[in-house]
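Asks:
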Amino acid sequence: MATGTEGKLFAVDRQGQGVVLLDTEDTHVRSIQPLPDGAVLVGTAGEGLVLEVDAHGKARTLYDAAQPEIVALADAGGGQYYAVAVASEASQVDLSKPAEASSDDTSGDESGGDDEASVSVDDGGLGAVGSRPSGFGGGRSEVLSITRDGLVESLWTFKEETVHSLLYFEHRLWLGTGQEGKLYSWRAADQRMVLEKDAEDAQIVALMPGKDGPSFATTNAAAIYRSAGGGERHGTFTSSVEDAKQLARFGSFHWWGEAPDGSSVKVSVRSGLSAEPDATWSPWTEAQAGHELSLTEVPRGRYVQWRAELAAGGKASPRLDAVELSYRQQNLRPRIKEFKALDPGKVLLPSNFNPGQQVYEPAHPRRDGIFTTLNAEGARQDQRVKPLWRLGYRAFAWKTEDPNGDDLVYRLDFRPAGGAESDAGWLPVADDLDTPYYNFDATVLPDGLYRFRLTASDADDNAEGDALTAEALTEPVLVDHSPPSVRSVDRRGKILEVRVEDAWNPLREAVASTDAGEWHAVEAADGLVDGRTETLRLPIPAGSRLLLLRLTDAAHNAVTVNLTEEIP
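Encoded structure:
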């Protein structure tokens, strides 16, 4: 007898007198399995231990699970055991509360015997399992194979379902689950979990050997079921609702398995726009036989559900192993979330770009237009980028998304902005771009303001006629190749007043050098070098043989002026 909240195992004699056989440090002894030699397998809650306890109360650990609870155990004989470990949030199921009733349309009818259906579970694989991992992030229930020597293998992981009971019977492992009360069997030969019976809203909390197969006990409502001789002749499996994420049209349905002579598998499908099937859903299509069905008559929808009707013939039973339902989402327009011009001279290149290859001279010039790029042509670029600088170049960067997850390609166009030229048509810069940025040599454009347009297209992932595009425009972008200039120089005592200007951009730096010495900042009359027109105050160095003034604007255009003649 097992107890909690103090995890103890009691040995009880025929007179009803109990003695503590094992006092664990866990809060509950969650499951027990007697063994033929008088020993007992014990599963605990808290640390999730599988223990083997002999008749004298001596215990040894066979497995320390990542999950906190071992909820069920089974003995296959010959030192081969099975256990189920569950995550804590999944195991706190209050079996005293009735489950919500579901409609006949959304619940699978009972099916039994050899009828099988693919189920929505995750295969945990047959990897060897060691002791407790550093953390647990797996499914809800994990089915384990454990030998007396302590070798542990993970057989299967249920992502959503909680396993409540285990039974090894007729050379097969049986499992009972809730909240929707399904009876599964594990087929070791081909590593498959097979759905044998659907008890709808009940929880299968106990499994027992029976004459014609396992019997089981349920809660919600409380009942005991036994397998009928010969098994069920008919059964229906209704799938869960599948979400296409967007409005979709449905193509075909294919199933794998077998339908021996005299037996049959017929499939019907329905669709809707609500997550739960209701009166707004389409009616079920006529049930059809055949391994592949066309779904052209199924109305478009976001959600879809299929139903398989299985019928035995003579001694032959059909088997449904796996299904595939194809659909295509209704294409939605791409979105351009951001489109911007970078600072003059700033370019973006793949993180694996070698500056020594191209940064000083552009490679791969376009032969179908005037623009030259720094981007390497050919294979899709590394999406990770790093900034570099290249005088005379401009770059654009953008952020996009596609609701359907389609790959996007981009086209970049330009036209002059403002004045009579504003009505000019768009001219190509580059197309078939697959990176979220583009660099080009802007020295091919005359000074002035330009507009740039980005077009994003999902044509590569959609049939002709279904593709959609999105467009975005930049603010006017200034292209400026002209350096600042000196308008006049006046000598005011020991000070030179130099009047400078720039046609397009504000000045950013003014520095002077005497006799080829270091550059030093030159003072502006208003205190800041930040306007398109500035008056600079430059002290006259007595006895100097060379006086240079270097001016740089916001587009990094620079000019050096010789003021030596102004020295008295």
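The sequence shown begins at 0 in numbering that gives the first Met the number 0 and counts up by one. C-beta: ideal position from N, C-alpha, C; glycine also. It should be emphasised that the depicted structure is a prediction, and the values quoted were computed from it without experimental measurement.
Give the DSSP-derived three-state secondary structure of Val268 in the structure shown.
Replies: Your numbering for residue 268 matches position 269 in the sequence shown. DSSP places Val268 in strand when its eight states are reduced to three.
Asks: Spatial neighbours of Gln66 within its chain, please: C-beta separation below 7 Å, excluding the five flanking residues on both sides.
Replies: For the purposes of this step, residue 66 is taken as the residue at position 67 of the sequence shown. The answer, listed in chain order, is Gly47, Ala84, Val85, Ala86, Phe135, Glu141.
Asks: In chain order, what residues of the same chain lie with their CB nearer than 6 Å to the CB of Trp280, ignoring the 5 residues before and after it?
Replies: Within the sequence shown, residue 280 is the residue found at index 281, counting from 1. Once the five neighbours on either side are set aside, the close Cβ partners of Trp280 are Arg269, Gly271.
Asks: Going along the chain, which unbroken runs of the beta strand (DSSP E) with 3 or more residues stay wholly within the region 464 to 498?
Replies: Taking only runs of at least 3 residues, the beta strand (DSSP E) segments lying wholly in the region 464 to 498 are 468 to 472, 476 to 478, 484 to 491.
Asks: Are the beta-carbon atoms of Ala243 and Arg306 separated by less than 8 Å?
Replies: The sequence position of residue 243 within the sequence shown is 244, counting from 1. The sequence position of residue 306 within the sequence shown is 307, counting from 1. In this structure, Arg306 does not lie closer than 8 Å to Ala243 by Cβ.
Asks: Tell me the rounded alpha-carbon separation between Val521 and Leu537.
Replies: Position 522 of the sequence shown holds residue 521. Position 538 of the sequence shown holds residue 537. Using only the alpha carbons, I get a separation of about 6 Å.
Asks: At the level of alpha carbons, what is the spacing between Gly447 and Val558?
Replies: Position 448 of the sequence shown, counted from the first residue, corresponds to residue 447. Position 559 of the sequence shown, counted from the first residue, corresponds to residue 558. One C-alpha to the other measures close to 20 Å.
Asks: With a threshold of 6 Å on Cβ separation, who are the neighbours of Arg498 within its own chain once the five nearest residues in sequence on each side are excluded?
Replies: Residue numbering aside, residue 498 sits at position 499 when the sequence shown is read from its first letter. The residues are Arg486, Ser487, Thr534.
Asks: Using only CA atoms, which one of Arg318, Ile494, Gly6 lies nearest to Ala524?
Replies: As a working mapping, residue 524 is identified with position 525 in the sequence shown. Taking only the C-alpha atoms, the option nearest Ala524 is Ile494.
Asks: Please report how far the alpha carbon of Val384 lies from the alpha carbon of Leu50, in whole angstroms.
Replies: Here residue 384 is taken as the residue at index 385 of the sequence shown, counted from 1. Here residue 50 is taken as the residue at index 51 of the sequence shown, counted from 1. Near 55 Å, if we compare the C-alpha coordinates of Leu50 and Val384.
Asks: 8 Å is my cut-off, CB to CB: does Val443 come that close to chain B?
Replies: Chain labels in this structure do not include chain B; a single protein chain is all it has.
Asks: Have a look at Gly37 and Pro259 and give me their C-alpha separation to the nearest angstrom.
Replies: Residue numbering aside, residue 37 sits at position 38 when the sequence shown is read from its first letter. Residue numbering aside, residue 259 sits at position 260 when the sequence shown is read from its first letter. Between Gly37 and Pro259, the C-alpha separation is close to 46 Å.
Asks: If I measure Cβ to Cβ from Gly261 and keep anything under 7 Å in the same chain, skipping five residues before and after, which residues do I get?
Replies: Counted from its first residue, the sequence shown places residue 261 at position 262. Gly312, Gly313, Ala315.
Asks: Gly196: buried (16+ other C-beta within 10 angstroms of its C-beta) or exposed?
Replies: Stepping through the sequence shown from its first residue, residue 196 is reached at position 197. Before going on, a small fix: residue 196 reads as Lys here, not Gly. Per the 10 Å Cβ criterion, buried.
Asks: Is Leu387 closer than 8 Å to Val346 when the C-beta atoms are compared?
Replies: Position 347 of the sequence shown holds residue 346. Position 388 of the sequence shown holds residue 387. For Val346 and Leu387, yes; Cβs fall inside 8 Å.
Asks: Could you check the C-alpha separation between Glu564 and Gly526 for me, to the nearest Å?
Replies: As a first step, residue 564 must be located in the sequence shown, where it is residue number 565. As a first step, residue 526 must be located in the sequence shown, where it is residue number 527. C-alpha separation (whole angstroms): 26 Å.
Asks: If distances are taken between C-alpha atoms only, which option among Arg299, Glu296, Pro349 comes closest to Thr434?
Replies: In the sequence shown, counting from the first residue as 1, residue 434 sits at position 435. For the residues Arg299, Glu296, Pro349, the minimum Cα distance to Thr434 belongs to Pro349.
Asks: Take Pro317 and list the residues in its own chain whose beta-carbon comes closer than 6 Å to its own, dropping the five residues that flank it on each side.
Replies: Counting from one through the sequence shown, the residue named residue 317 turns up at place 318. Contacts found: Ala258, Ser262, Val264, Leu309.
Asks: At which residues does the beta strand (DSSP E) containing Gly300 begin and terminate?
Replies: Sequence index remark: in the sequence shown, residue 300 carries index 301 (1-based). Unbroken beta strand (DSSP E) run through Gly300: 300 to 310.
Asks: Would you decide whether Glu160 is buried or exposed? Buried here means 16 or more other CB atoms lie within 10 Å of its CB.
Replies: Stepping through the sequence shown from its first residue, residue 160 is reached at position 161. It is buried - the Cβ of Glu160 has at least 16 other Cβ atoms within 10 Å.
Asks: From which residue to which residue does the beta strand (DSSP E) around Arg393 run?
Replies: As a first step, residue 393 must be located in the sequence shown, where it is residue number 394. Taken as a continuous stretch (DSSP letters only), the beta strand (DSSP E) holding Arg393 covers 392 to 400.
Asks: Please report how far the alpha carbon of Arg450 lies from the alpha carbon of Glu500, in whole angstroms.
Replies: By one-based count along the sequence shown, residue 450 stands at place 451. By one-based count along the sequence shown, residue 500 stands at place 501. Cα-Cα distance, rounded: 25 Å.
Asks: Skipping 5 residues on each side, what residues in its chain have a beta carbon closer than 8 Å to that of Asp552?
Replies: Reading the sequence shown from its first residue, position 553 is the one you call residue 552. Excluding sequence neighbours, Asp552 sits near Asp479, Pro482, Pro483, Asp501, Trp503, Asn504, Pro505, Leu506, Arg507.
Asks: Starting from Ala195, follow the beta strand (DSSP E) in both directions and report where the run begins and ends.
Replies: Counting from one through the sequence shown, the residue named residue 195 turns up at place 196. It should be noted that the sequence gives Glu, not Ala, for residue 195. Start and end: 191 to 197.
Asks: Tell me the DSSP secondary structure of Asp459 in three-state form.
Replies: Here residue 459 is taken as the residue at index 460 of the sequence shown, counted from 1. DSSP places Asp459 in helix when its eight states are reduced to three.
Asks: Taking its Cβ as the centre, do 16 or more other Cβ atoms sit within 10 Å of Gly424, making it buried, or is it exposed?
Replies: As a working note, residue 424 is residue 425 in the sequence shown. Looking at its Cβ environment, which holds fewer than 16 other Cβ atoms inside 10 Å, Gly424 is exposed.
Asks: Rounded to whole angstroms, what is the Cα-Cα separation between His555 and Pro343?
Replies: Numbered from its first residue, the sequence shown carries residue 555 at position 556. Numbered from its first residue, the sequence shown carries residue 343 at position 344. Each residue's Cα considered, the two are about 7 Å apart.
Asks: Classify Glu578: buried if its beta carbon has 16 or more other beta carbons within 10 angstroms, exposed otherwise.
Replies: Only positions 0 to 567 of the chain appear in this structure, which leaves residue 578 out of reach.
Asks: Could you give the distance in angstroms between the alpha-carbon of Pro54 and the alpha-carbon of Pro33?
Replies: Position 55 of the sequence shown, counted from the start, is the residue given in the question as residue 54. Position 34 of the sequence shown, counted from the start, is the residue given in the question as residue 33. The displayed chain sequence assigns Ala, not Pro, to residue 54. Ala54 and Pro33: Cα-Cα distance of roughly 10 Å.
Asks: Report buried or exposed for His290, applying the criterion of at least 16 other Cβ atoms within 10 angstroms of its Cβ.
Replies: One-based indexing of the sequence shown puts residue 290 at position 291. Label assigned to His290: exposed.
Asks: Just to confirm, does Thr551 get its C-beta within under 7 Å of one of the non-hydrogen atoms of the ligand ADP?
Replies: Among the ligands in the structure shown, none appear at all, so the ligand ADP cannot be discussed.
Asks: What separation, rounded to the nearest whole angstrom, lies between the Cα atoms of Ala1 and Arg147?
Replies: Stepping through the sequence shown from its first residue, residue 1 is reached at position 2. Stepping through the sequence shown from its first residue, residue 147 is reached at position 148. If I take the Cα positions, the gap works out to 21 Å.
Asks: Which word fits Ser184, buried or exposed, when buried means at least 16 other C-beta atoms lie within 10 angstroms of its C-beta?
Replies: The sequence position of residue 184 within the sequence shown is 185, counting from 1. So Ser184 counts as buried.
Asks: Based on the DSSP secondary-structure assignment, which residues constitute the bridge partners of Met207?
Replies: Within the sequence shown, numbered from 1, the residue matching residue 207 stands at position 208. Met207 is bridged to Ser214.
Asks: Would you mind reading off the limits of the beta strand (DSSP E) that contains Thr559?
Replies: Looking up residue 559 in the sequence shown gives position 560. That run of the beta strand (DSSP E) goes 557 to 561.
Asks: Any chance the region 455 to 467 sits against the region 507 to 517, with 3 or more Cβ pairs inside 8 Å?
Replies: No: fewer than three Cβ pairs fall under 8 Å.
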